[in-house]
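For the sequence shown, the working numbering gives the first residue as 58, with consecutive numbering after it. Ideal Cβ placement from N, Cα and C applies to all residues, glycine included.
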Amino acid sequence: MKISKYAPFLGMAFMLLVVQLAAIALSEPLNDNDFKAFSDPEATSNVVYWLIIILVFTAFILLVVKWNKKWLIQAFILVSIAWTLAYVFYAVFSLFLPPFPNTALTLILSIAMTVILYKFPEWYVIDLVGVLIGAGAASIFGISLAIIPALLLLILLAVYDYIAVYRTKHMIALAEGVMELRLPILLVVPKRWNYSFLTETFDKEEREAFFMGLGDAVMPTILVVSAITFSSAAQYTLPILGAINMPAIGAIIGTFVGFSVLMGFVMKGNPQAGLPFLNGGVILGYVVGSLAAGVSPV
Numbered sequence: 058m059k060i061s062k063y064a065p066f067l068g069m070a071f072m073l074l075v076v077q078l079a080a081i082a083l084s085e086p087l088n089d090n091d092f093k094a095f096s097d098p099e100a101t102s103n104v105v106y107w108l109i110i111i112l113v114f115t116a117f118i119l120l121v122v123k124w125n126k127k128w129l130i131q132a133f134i135l136v137s138i139a140w141t142l143a144y145v146f147y148a149v150f151s152l153f154l155p156p157f158p159n160t161a162l163t164l165i166l167s168i169a170m171t172v173i174l175y176k177f178p179e180w181y182v183i184d185l186v187g188v189l190i191g192a193g194a195a196s197i198f199g200i201s202l203a204i205i206p207a208l209l210l211l212i213l214l215a216v217y218d219y220i221a222v223y224r225t226k227h228m229i230a231l232a233e234g235v236m237e238l239r240l241p242i243l244l245v246v247p248k249r250w251n252y253s254f255l256t257e258t259f260d261k262e263e264r265e266a267f268f269m270g271l272g273d274a275v276m277p278t279i280l281v282v283s284a285i286t287f288s289s290a291a292q293y294t295l296p297i298l299g300a301i302n303m304p305a306i307g308a309i310i311g312t313f314v315g316f317s318v319l320m321g322f323v324m325k326g327n328p329q330a331g332l333p334f335l336n337g338g339v340i341l342g343y344v345v346g347s348l349a350a351g352v353s354p355v
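If you want it as C-alpha cells, here you go:
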C-alpha cells in the first residue's frame with residue numbers, strides 16, 4: 058500500500074496525541090482554578106451521572122434527527138463549545154493574566170472562535186476547535202475522576218460503544234444524522250489536500266475523508282489525566298506539559314496500541330466501535346505503567 062494511503066491514519070494519530078498532550082498541559086491550570094465536573098473525585102456515583110447524561114443526550118439527538126429539528130442540536134452544541142472553550146482559555150490565561158482582563162479576553166476568543174466555526178466550518182476549523190474542546194473536556198473530567206471511577210467509566214463506555222455500533226447500531230445512525238451539521242463532534246482527516254468539508258456530501262459510499270468521533274479521543278485521555286492527578290507514582294516535570302508519571306506514559310502508549318489495532322479494522326472499510334480498542338489499550342497501558350513504577354494500579 059502506498060504511503061499516501063496511510064497519511065490520513067497518521068493524521069488521526071497526530072490529533073489524538075495532540076489532544077492527550079494538551080490535556081496534560083491543561084490539567085494543572087484547570088485544577089488550580091477548581092474547574093472540576095464533580096466535587097468528590099472518589100465517588101463512583103459520578104460514573105452513573107455521566108452515563109445518564111450520555112443516554113439522555115443520545116436519545117435527544119436521535120429524536121431531534123427524527124423530527125428534522127437539527128438546528129436544536131446545532132444550537133446546543135455551539136453553546137457547549139463556547140462554554141468549554143471559555144474554561145480552556147481562562148485556565149491558560151490565568152497563568153499570566155489577572156482575573157478581569159482574563160475574563161474579557163476569554164469571552165472574546167471563545168465567542169469569536171464559535172462564530173467562525175458556525176460561519177465557516179471547514180475541516181481544519183473543525184479539527185482545531187475539536188482538539189481544543191477535546192483536550193479541555195478530557196482534562197476537566199480527568200481531574201474530576203479518581204482512578205477507580207475513571208476505570209469503571211472507561212469499561213462501561215467501551216461496552217456501551219460496542220452495543221451501540223455492532224448491536225443496536227444507533228451510534229451509526231446518530232453519527233450520520235449529525236455529520237451534515239459540520240460540528241466538532243467528529244475529527245476530520247482528508248484523503249487529499251484540496252478536500253473541502255463544506256462541499257462534502259454524505260450520501261456517497263466512498264467518502265473523501267476519514268472521521269473519528271471526538272469521544273474516541275476524549276475518553277482514553279481521561280485516564281491519562283486521572284493517572285497524573287491521582288496516582289501515587291513519582292512525577293516528572295516536562296517543559297510546557299508539566300507533570301507526568303509512568304502510569305500516564307503507559308496509558309498514552311497503550312492508547313496508541315489500541316489505536317493501531319483499531320485502524321487495522323478501519324482499513325477494511327466498515328464502521329468500527331473505537332472505544333473497545335482505545336479504552337482497552339489505555340487501561341492495559343496504565344496498568345503496565347503502574348506496575349513498572351512500583352505502585353498499585355488502583
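Exposed or buried, which one is residue i when buried takes at least 16 other CB atoms within 10 Å?
{"i": "methionine 72", "result": "buried"}
{"i": "alanine 161", "result": "exposed"}
{"i": "leucine 90", "result": "The amino acid occupying residue 90 in the given sequence is asparagine; leucine does not appear at that position. Asparagine 90 should be labelled exposed."}
{"i": "asparagine 159", "result": "buried"}
{"i": "proline 304", "result": "buried"}
{"i": "leucine 210", "result": "buried"}
{"i": "tryptophan 180", "result": "buried"}
{"i": "alanine 290", "result": "buried"}
{"i": "isoleucine 130", "result": "buried"}
{"i": "alanine 350", "result": "buried"}
{"i": "asparagine 88", "result": "buried"}
{"i": "asparagine 125", "result": "exposed"}
{"i": "valine 323", "result": "buried"}
If residue i and residue j are in contact, beta carbons under 8 Å, what's the gap, nearest whole angstrom?
{"i": "leucine 231", "j": "alanine 274", "result": "Contact flag wrong, Cβ pair sits at about 17 Å."}
{"i": "alanine 195", "j": "alanine 80", "result": "4 Å"}
{"i": "isoleucine 242", "j": "glycine 199", "result": "That pair is no contact at about 20 Å."}
{"i": "isoleucine 138", "j": "valine 235", "result": "That pair is no contact at about 14 Å."}
{"i": "valine 149", "j": "proline 86", "result": "6 Å"}
{"i": "valine 104", "j": "proline 206", "result": "5 Å"}
Beta carbon of residue i, beta carbon of residue j: below 8 Å?
{"i": "tyrosine 252", "j": "glutamate 265", "result": "yes"}
{"i": "isoleucine 173", "j": "leucine 240", "result": "no"}
{"i": "aspartate 184", "j": "glycine 331", "result": "no"}
{"i": "isoleucine 285", "j": "tyrosine 293", "result": "no"}
{"i": "lysine 325", "j": "proline 65", "result": "no"}
{"i": "valine 132", "j": "phenylalanine 316", "result": "Looking at the sequence provided, one finds alanine at residue 132 rather than valine. No, they are not a contact pair."}
Counting only the same chain and skipping the five closest in sequence on each side, list residues whose C-beta sits under 8 Å from that of residue i.
{"i": "leucine 166", "result": "Leu142, Phe146"}
{"i": "leucine 154", "result": "Leu162"}
{"i": "isoleucine 168", "result": "Ala139"}
{"i": "glutamate 99", "result": "Ala203, Ile205, Pro206"}
{"i": "leucine 164", "result": "Ala143"}
Among the residues of its own chain, which have a CB less than 7 Å from the CB of residue i, if the five just before and after it don't count?
{"i": "alanine 94", "result": "Ile197, Phe198, Ser201"}
{"i": "leucine 108", "result": "Leu213"}
{"i": "tyrosine 175", "result": "Leu135"}
{"i": "tyrosine 63", "result": "none"}
{"i": "leucine 295", "result": "Ile301"}
{"i": "leucine 78", "result": "Leu298"}
Got a sec? Which residues, its chain only, sit under 6 Å from residue i by beta carbon, not counting five neighbours each side?
{"i": "valine 339", "result": "Pro277, Leu280, Ala308, Gly311, Thr312"}
{"i": "glycine 342", "result": "Gly307, Ala308, Ile310, Gly311"}
{"i": "histidine 227", "result": "Ala221"}
{"i": "serine 347", "result": "Pro304, Pro354"}
Could you work out which residue in the options is closest to residue i when comparing CA atoms only?
{"i": "leucine 213", "options": "Ile111, Ser137, Asn159, Ser283", "result": "Ile111"}
{"i": "phenylalanine 177", "options": "Val121, Ile134, Ala139, Leu255", "result": "Leu255"}
{"i": "glycine 299", "options": "Phe66, Leu83, Pro247", "result": "Leu83"}
{"i": "phenylalanine 287", "options": "Val136, Ala203, Leu335, Asn336", "result": "Ala203"}
{"i": "methionine 170", "options": "Phe157, Trp140, Pro156", "result": "Trp140"}
{"i": "phenylalanine 334", "options": "Leu120, Val246, Val345, Met320", "result": "Met320"}
{"i": "leucine 208", "options": "Val282, Leu164, Tyr63, Phe268", "result": "Val282"}
{"i": "valine 246", "options": "Pro156, Val182, Phe92", "result": "Val182"}
{"i": "alanine 192", "options": "Leu74, Ser289, Gly351", "result": "Leu74"}
{"i": "tyrosine 144", "options": "Glu233, Ile190, Val121, Thr258", "result": "Ile190"}
{"i": "phenylalanine 92", "options": "Lys123, Ser151, Thr101", "result": "Ser151"}
{"i": "valine 76", "options": "Tyr223, Val323, Val186", "result": "Val186"}
{"i": "glutamine 329", "options": "Phe267, Ala349, Ala350, Leu295", "result": "Phe267"}
{"i": "valine 122", "options": "Ser102, Val113, Glu233", "result": "Glu233"}
{"i": "glycine 337", "options": "Thr258, Val318, Leu67, Asp97", "result": "Val318"}
{"i": "threonine 115", "options": "Ile229, Gly68, Pro156", "result": "Ile229"}
Are any of the Cβ atoms in chain D nearer than 8 Å to that of residue i?
{"i": "proline 296", "result": "In the displayed structure, chain D is absent; only one protein chain is listed."}
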